[in-house]
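In what follows, a structure is listed as structure tokens, so that the remarks can point back to it.
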Amino acid sequence: MPAVGRSAAFFDLDKTVIAKSSALAFGRPFYRDGLISRRDVIKGAYAQLIFRVGGGSDEQSMARTRDYLAALVKGWRAEQVRQIVRETLDELISPYIYAEAAALIEEHRTAGRDVVLVSTSGDEMVRPIGEQLGITDIIATRMNVGEDGCYTGEIDFYAAGPNKVVAVKELAAERDYDLAACYAYSDSVTDAGLLSLVGHPTAVNPDRGLRRIAVERGWPMLDFRHPIPLGRRLRERPAVPMAAAALGLGAAVAIGLAIYSKYRRARTAQLAAAATG
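Residue numbers for the sequence shown follow the working numbering, so the first one is 34 and each next one is one higher.
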């Protein structure tokens with residue numbers, strides 16, 4: 034995967050890097066700390082179910098979600114939200130990071146590319162997830178915070194659909210990226226514009242709309258299916274980098290499966306030793 038000029042790899046987050054909705058994952062601790070009501074938790078659980086089986090969302094539903102979340106967080110202390118995310122990240126997010134995505138991110142780093150997370154979720158949630166993966170470049174939704182440290186209910190930047198395209202173009206101009214040499218990964222048809230912006234688009238776990246576009250345009254598609262806790266993945270990282278040609282044929286998935294298989298073998302041996310002991 035040789036780097037040509039200065040380039041980057043842009044990764045959507047939900048269902049591309051992690052196997053769940055990053056925003057909805059924190060519903061329970063927000064409820065526990067009194068930020069949301071039981072009714073909000075129930076609505077969040079329903080939204081999570083729709084997210085899992087429905088395969089993405091259109092721009093209208095994303096806009097409704099934006100307006101709902103903006104009204105919901107009004108008056109919350111921003112520092113309290115950051116603290117909750119920090120305290121629960123290992124439990125709620127780390128076990129759901131796809132091994133295949135982590136391997137692919139590492140391959141882009143090895144090739145000399147910048148790696149950028151581009152997510153509709155709030156910056157307070159996306160940035161700590163990025164830090165766990167060694168990613169510091171983040172494009173995410175930014176909520177307005179008043180002088181009292183609380184959210185005002187207004188959104189400074191909503192990182193969804195066309196806004197992702199604008200933000201990526203601005204970053205590319207700032208850093209002199211050659212977009213034709215850049216890569217992008219997403220699961221949702223709402224990111225078709227982002228994928229079309231780069232020379233190397235890939236649909237990951239695509240919803241029906243994105244799958245149709247990928248077939249029409251000849252974009253590669255990858256299936257990520259093996260979330261593995263971050264600590265184990267870092268200890269069991271493969272030593273041999275992938276070749277560029279193999280990547281297009283699904284080598285990223287193969288590496289993820291290798292990591293997963295190694296973990297299962299180690300776990301089986303541990304259980305067997307415990308049983309005989």
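All C-beta atoms, glycine included, are put in the ideal place defined by N, C-alpha and C. Just so we're clear, the structure is a prediction, and the values are computed from it rather than from any experiment.
Quick one: is residue i buried, meaning 16 or more other Cβ sit within 10 Å of its Cβ, or exposed?
i, result
"residue 234", "buried"
"residue 174", "buried"
"residue 224", "buried"
"residue 289", "Bear in mind that the predicted position of residue 289 carries a pLDDT of just 44, short of 50, making it unreliable; the figure below should be weighed with that in mind. Per the 10 Å Cβ criterion, buried."
"residue 277", "Confidence at residue 277 is low in this model, with a pLDDT of 32, below 50, so the placement of that residue is unreliable and no value is reported for it."
"residue 169", "exposed"
"residue 197", "buried"
"residue 311", "Since the displayed the chain opens at 34 and closes at 310, residue 311 lies outside it and no answer follows."
Only counting the same chain, and skipping five residues up and downstream in sequence, which positions put a Cβ closer than 8 Å to that of residue i?
i, result
"residue 142", "148 and 167"
"residue 189", "175, 176 and 177"
"residue 160", "171 and 173"
In the DSSP assignment, what residue or residues form a beta bridge with residue i?
i, result
"residue 190", "175"
"residue 131", "260"
"residue 237", "255"
"residue 224", "Answer by DSSP bridge pairing: none, since residue 224 is not bridged."
"residue 170", "149"
I need the boundaries of the beta strand (DSSP E) containing residue i, first residue and last residue.
i, result
"residue 67", "Looking at the DSSP string, residue 67 is not in any beta strand (DSSP E), and its letter there is neither H nor E."
"residue 148", "147-155"
"residue 42", "41-44"
I need the DSSP call for residue i, collapsed to helix, strand or coil.
i, result
"residue 210", "coil"
"residue 106", "helix"
"residue 217", "strand"
"residue 181", "coil"
"residue 138", "helix"
"residue 51", "strand"
"residue 58", "helix"
Counting along the chain, where does the alpha helix (DSSP H) carrying residue i start and finish?
i, result
"residue 114", "111-125"
"residue 232", "Unbroken run through residue 232: none, as it is neither H nor E."
Please return the same chain residues whose Cβ sits closer than 6 Å to the Cβ of residue i, not counting the five positions on each side in sequence.
i, result
"residue 187", "177"
"residue 48", "220 and 238"
"residue 158", "55 and 118"
Excluding the five sequence neighbours on either side, which residues of its own chain have a C-beta within less than 7 Å of the C-beta of residue i, listed in chain order?
i, result
"residue 156", "171, 173, 174 and 175"
"residue 222", "89, 240, 242, 243 and 246"
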